[in-house]
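Just so you know, the protein sequences line up as chains A and B, in that order.
Note that our numbering gives residue 690 to position 688 of the first sequence, counting from 1, and the numbers run on in steps of one.
Note that our numbering gives residue 1539 to position 151 of the second sequence, counting from 1, and the numbers run on in steps of one.
Have a look at the structure below, then the notes.
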Amino acid sequence: MIRFAAMQMFRPLNRKLLRDIIGMWGQVIAVSLVVACGVAVFVMMNGTLASLQNTLAAYYDRYAMADVWAPARRAPLQTLDTLSKIEGVRSVEGRISAAGVLDMPLEAEPVKARIISVPDGKAPAINRLYMKAGQLPARGLEQVVVADDFAEAHRLRIGDKVSATLYGVRRELTVSGIALAPEFIYSIAPGEMIPNARRYAIMWMGYEALAHAYNMDGAFNEAVLLLGPTARVPDVLGRVDTILDSFGGVGAYHRDDQLSDEFLQSEFTTLGTLGGMLPPIFLGVAAFLLNMVITRIVEHEREQIGLMKAFGYTSNAIVWHYLRFAGVIVGLGVLAGCYMGYSMGGGMASIYQDFYKFPELKFAPGSLIYVKAAGFAVLAAVLGVLLAVRKTISLQPAVAMAPPAPTDYSKIGRIAANARWMDQGLRLIVRHIVRWPGRSAFTCLGVAMGMAIMIGAQSSRDAMNRMIDMQFELVSRQDLTVVFTEKQNPAVLHELAAIRGVLASEPFLAASATISYGHKSRHQGITGVMQNAQLNVLLDQTDRVVNPAPRGITLSASLADAIGADLGDTVHVRFREGERKEVSQLVQKIVPTYLGTPAYMDVSAMQEIMQEGDRISGAYLMVDTRWLDEIYSLLKDMPAVAAVSTNQTSRHSMKETMDETMGTMTFFNSVFASLIAIGVVFSGARISFYERQREIASLRVLGFTVAEVNAVLLGELAVLTFLALPLGAFIGYQLALTINTEMSSELFRVPTVVSNWSFAYAASMILIASILSAAVIAQQVKKLDLVIALKTRE
Amino acid sequence: MLTRAICFDVSGLTKVYGMGTAEVRALRGVDVTIGEGELIVLLGPSGSGKSTLLNILGGLDSPTDGTVFFHGENMTAMTDRQLTRFRRENIGFVFQNYNLMPGLTARENVELVTEIATDPLPADEALDLVGLGERVNHFPSELSGGEQQRVAIARAIAKRPAVLFCDEPTGALDSKTSIKVLGALNRVTKEMGTTMLMVTHHQGIAPLADRVLHFRDGRIEKEIVNSERAAPEDIRL
Chain A
3 MIRFAAMQMF RPLNRKLLRD IIGMWGQVIA VSLVVACGVA VFVMMNGTLA
53 SLQNTLAAYY DRYAMADVWA PARRAPLQTL DTLSKIEGVR SVEGRISAAG
103 VLDMPLEAEP VKARIISVPD GKAPAINRLY MKAGQLPARG LEQVVVADDF
153 AEAHRLRIGD KVSATLYGVR RELTVSGIAL APEFIYSIAP GEMIPNARRY
203 AIMWMGYEAL AHAYNMDGAF NEAVLLLGPT ARVPDVLGRV DTILDSFGGV
253 GAYHRDDQLS DEFLQSEFTT LGTLGGMLPP IFLGVAAFLL NMVITRIVEH
303 EREQIGLMKA FGYTSNAIVW HYLRFAGVIV GLGVLAGCYM GYSMGGGMAS
353 IYQDFYKFPE LKFAPGSLIY VKAAGFAVLA AVLGVLLAVR KTISLQPAVA
403 MAPPAPTDYS KIGRIAANAR WMDQGLRLIV RHIVRWPGRS AFTCLGVAMG
453 MAIMIGAQSS RDAMNRMIDM QFELVSRQDL TVVFTEKQNP AVLHELAAIR
503 GVLASEPFLA ASATISYGHK SRHQGITGVM QNAQLNVLLD QTDRVVNPAP
553 RGITLSASLA DAIGADLGDT VHVRFREGER KEVSQLVQKI VPTYLGTPAY
603 MDVSAMQEIM QEGDRISGAY LMVDTRWLDE IYSLLKDMPA VAAVSTNQTS
653 RHSMKETMDE TMGTMTFFNS VFASLIAIGV VFSGARISFY ERQREIASLR
703 VLGFTVAEVN AVLLGELAVL TFLALPLGAF IGYQLALTIN TEMSSELFRV
753 PTVVSNWSFA YAASMILIAS ILSAAVIAQQ VKKLDLVIAL KTRE
Chain B
1389 MLTRAICFDV SGLTKVYGMG TAEVRALRGV DVTIGEGELI VLLGPSGSGK
1439 STLLNILGGL DSPTDGTVFF HGENMTAMTD RQLTRFRREN IGFVFQNYNL
1489 MPGLTARENV ELVTEIATDP LPADEALDLV GLGERVNHFP SELSGGEQQR
1539 VAIARAIAKR PAVLFCDEPT GALDSKTSIK VLGALNRVTK EMGTTMLMVT
1589 HHQGIAPLAD RVLHFRDGRI EKEIVNSERA APEDIRL
């Protein structure tokens, strides 16, 4: 066996293969790295996606994630029986879901909390908790299980006390357990854009204690349902709505519309898009580079190929030889790429673990991902090789053994012959580019792709910055948003305005409603806002402040799209609270928005329709920050206040999260994009150097300095690189547009923004990569043995 | 002959390639003086050292031992940058395989040199001198071997070099074309007073020279001085 292997090793073609690889190690590494990048991105993205999907499916299944959520104002527990009899419903559970405010020692601001009841004395059957520590609350006691991320952010342990204002009453809650839940893998506070465990708590409390606190004894305000495999979701939702209608039902929704799941699904779409878009770019570039490298070898070895054919080697045997050469490069790339992909996938999993709350998230892509990645890489290699050898392999042995005719430039005409301002070096550059248009175009495209990937990566950050800036500088200009437990008399506004440090206040009214147009409808909150508002405003397409229409409804563009309504159409609005009024409203304005599918009305008009008097749901405040602590402390103690959000904190936490998650992705992609640029430029320069050694030597002999020769040789790459910059910018923008469109959902629309800084950064990175590659080649020009180069046969 | 000013003064020139068992001694202590305006033919079998001498005198290679003075300046002490300048200002090269830039026309190939020279001939004039005034706009791929070599000669002489080195200039040409090329070389060097060293296998070229140096095993075996230079059309190849 060993002897056989040794014999194989020392077969002439195998020895040649080994020498070729050692002799061209620089290019072998360059191309392998590009292959590795493609494989790594594929494994990382698709592996992360598979890991997330598998983990999610298992988590949902094991912890009985609900299929339907049905919020209501207050429904008697007996209603659950009726709900359970709906066709397709497997089981149903009623619970109380309430908002509260916590006073945490580590946080000056009031912390929002969502408190959900769990059955007394037993675990919930639906949306079960993954208990990380401690146990469920004891019956009748004011004990809570807190979400793991909140416990961690506030260093809470079992037995610790949490001070809470529930329904206007201050209570001391004892932490009995720490848990995670499948319905809160991703949780954000209402009105926030990003999770913040310090400022938002999910808690579970025993039914009896919570019902007592919220005066909900014998009732529930949210039903959760598990459906059977044959259930027809729209029918079930319709039936649930009908049953809960008289109990203040605000519209049942399916898991697809559940916030946490919707965010996850949108993340999966993004990963799937990137995982499907980036690897083909890398592998396409790798195929092109392989094609360039193999073409050069084949041209260089055409005599040997002729000789081998003359000796009786078949064309297939020769193709196989070059395929094996490519195979070694791809093999190295695949191995390195799988390793890189696995390592980076692990990193991604831990980032996701921080962002999404799974009991455990491991990067387990499954072997199929690796096989697929290797398969695609091999496919790219085969394509690159076959295109390279096809011409030479079809030559007759005698023709192949004869030296090739001198390169014929007459085909391209006398380009630049009359441009007297050009020196001969520049003329050589221009003609060389035009003489090999395919190669020039691909080199240009390859570099442009490197730049495009970098821009694509940067643009996600730009888009988030734009969203944050728009939200916090243009739309939400207030310092604080106060949400009341129940709608309040506008006198509360005067109370708030009277607090020392409050500079201005504006009321808002929020109500849940169903907005329909034709057959399409959406459960959607409507916000009533003031005319000439100063603190929280609506913007038009050009970021100018607009007022809500005094009559009729103002829709966000996303909501208008979702229900298919346009300006001047009449939509049907059914309020799902208060007097549950139904009205037809003319769509008076459509405004762009990046978050959700909001709808707005003039606050007075809305109060008139709802016939609940001039009550308001909350207020926007502008404050003097010197009095902030005092203001917080007063707000925490106001029974009417359910929640307070601070713009500065929200903005800060968004920036922080974004830098953590996007920073890593942007870094990976920038490294990969640089490698592509280096791979393309370096391979291009090196091949040009090999092919034109005679020309270079001739120029040196004629008295051209190393710098002058480099100007001719590398000038071509410089021209192609400079041409690649606008092309890269264009493709990069298109890539950003595609990625952002794919990433956009009803939850949020990612604007396609590429800042000048991102363009400049990408261009600089490409130039640096090109200069580094050029520097290596310039060294080789300096060391070139003129005598040997001049004697080399073309 | 000794009335001419000295162009190159070479003494004890040795060149060794490789080391140990792979050592090849290409030159073994060559001493020679070359006068200005001389046409010298270097004859000898392959590996006898003639091309190596040419490369060292042309500043393309450096000796292992010995000295070369060009117009009194020690070339062996020159840096790479100085050698480049030396070639740029003083030397023209013509090679067996032309070494033209395939992407430039005949005129542009010549202009390649005239652009960097201090007092060059106009490119068209240089091409006229080699009889290619009609083909200035042709690319190398559109020219015959002899025409390509004449472009190479025009390119070499356009900078008015002090010395012209020709390494087998007719090696790839038939005899009729060779005589044309040699005629062009003879004419331009005579008109411009250029010193020329020509390496060749062809004994028949020897009568063109002022002096013929016969090389064998890295040494000058024999030196023949012609009483007068024959015209190219009078020689037989």
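Beta carbons are placed, not taken as given, at the ideal position from N, Cα and C, and that holds for glycine.
The structure displayed is predicted, hence computed values, not measured ones.
For the pair residue 288(A) and residue 376(A), the CB atoms are not nearer than the 8 Å cut-off. By the criterion of at least three beta-carbon pairs nearer than 8 Å, the segment 350-368 of chain A is in contact with the segment 656-669 of chain A.
Counting only Cβ-Cβ distances below 7 Å, residue 697(A) has contacts in chain B at 1489, in chain order. In this chain, residue 206(A) is not harboured by any alpha helix (DSSP H); it is covered by the beta strand (DSSP E) spanning 202-208. Here residue 553(A) carries a coil assignment [DSSP, helix/strand/coil].
Its chain contains 101, 103, 485, 486, 487 as the residues whose beta carbon lies nearer than 7 Å to that of residue 644(A), once the 5 sequence neighbours on both sides are disregarded; these appear in chain order. Runs of the alpha helix (DSSP H) spanning 4 or more residues and lying entirely within the segment 140-178 of chain A occur at 150-155, in chain order. Taking residue 561(A) as reference, the option from 267(A), 600(A), 570(A) with the minimal CA-CA separation is 600(A). With a threshold of 8 Å between beta carbons, residue 1402(B) makes no contact with chain A. Taking the C-beta atoms as reference points, residue 178(A) is found nearer than 8 Å to residue 146(A). Distance between residue 615(A) and residue 609(A), taken at the CA atoms: about 6 Å. Within chain A, the residues placing a beta-carbon under 8 Å from that of residue 1493(B) are 416, 419, ordered along the chain.
Put simply, of 162(A), 636(A), 22(A) the residue whose alpha carbon is nearest the alpha carbon of residue 170(A) is 636(A). Exclusion of the five residues before and after residue 134(A) leaves 150, 180, 181, 182 as the residues of its chain whose Cβ lies within less than 7 Å of its Cβ.
Nearest in C-alpha terms to residue 1509(B), of all of 1460(B), 1546(B), 1556(B), 1536(B), is 1546(B). Sequence-distant Cβ neighbours of residue 733(A) in its own chain, meaning closer than 6 Å and more than five residues away, are 450, 454. The beta carbon of residue 67(A) is closer than 6 Å to those of 184 in its chain, skipping five residues each way along the sequence. Between residue 592(A) and residue 688(A), the C-beta spacing is not below 8 Å. The beta carbons of residue 723(A) and residue 739(A) sit no closer together than 8 Å.
Contact annotation: residue 1494(B) and residue 1526(B) have beta-carbon atoms nearer than 8 Å. Identification of residues in the segment 1545-1574 of chain B having a C-beta nearer than 7 Å to some C-beta of chain A yields an empty set.
In this structure, the beta-carbon distance from residue 1560(B) to residue 1482(B) does not fall below 8 Å.
Its chain contains 151, 152, 155 as the residues whose beta carbon lies nearer than 6 Å to that of residue 199(A), once the 5 sequence neighbours on both sides are disregarded; these appear in chain order. The bridge partners DSSP lists for residue 302(A) come to none. Secondary structure at residue 541(A): strand, using DSSP grouped into helix, strand and coil.
Going by DSSP, residue 716(A) is part of the alpha helix (DSSP H) stretching over 708-745. Using beta-carbon distances, residue 1613(B) does not count as an interface residue toward chain A, since no partner is under 8 Å. Residue nearest to residue 236(A) within the set 89(A), 196(A), 273(A) is 89(A) (criterion: CA-CA distance).
In the DSSP assignment, residue 473(A) falls outside any alpha helix (DSSP H) and carries neither an H nor an E. Annotated three-state conformation of residue 519(A) is strand, per DSSP.
Three or more beta-carbon pairs separated by less than 8 Å link the segment 459-466 of chain A to the segment 752-771 of chain A, which places the two stretches in contact.
With its beta carbon less than 8 Å from one in chain B, residue 433(A) belongs to the interface.
The Cβ atoms of residue 233(A) and residue 91(A) sit closer than 8 Å to each other.
At least one CB atom of chain B sits nearer than 8 Å to the CB of residue 789(A). The Cβ atoms of residue 365(A) and residue 53(A) sit closer than 8 Å to each other.
Within chain A, the residues whose beta carbon sits less than 8 Å from that of residue 1501(B) are 704, 705, listed in sequence order.
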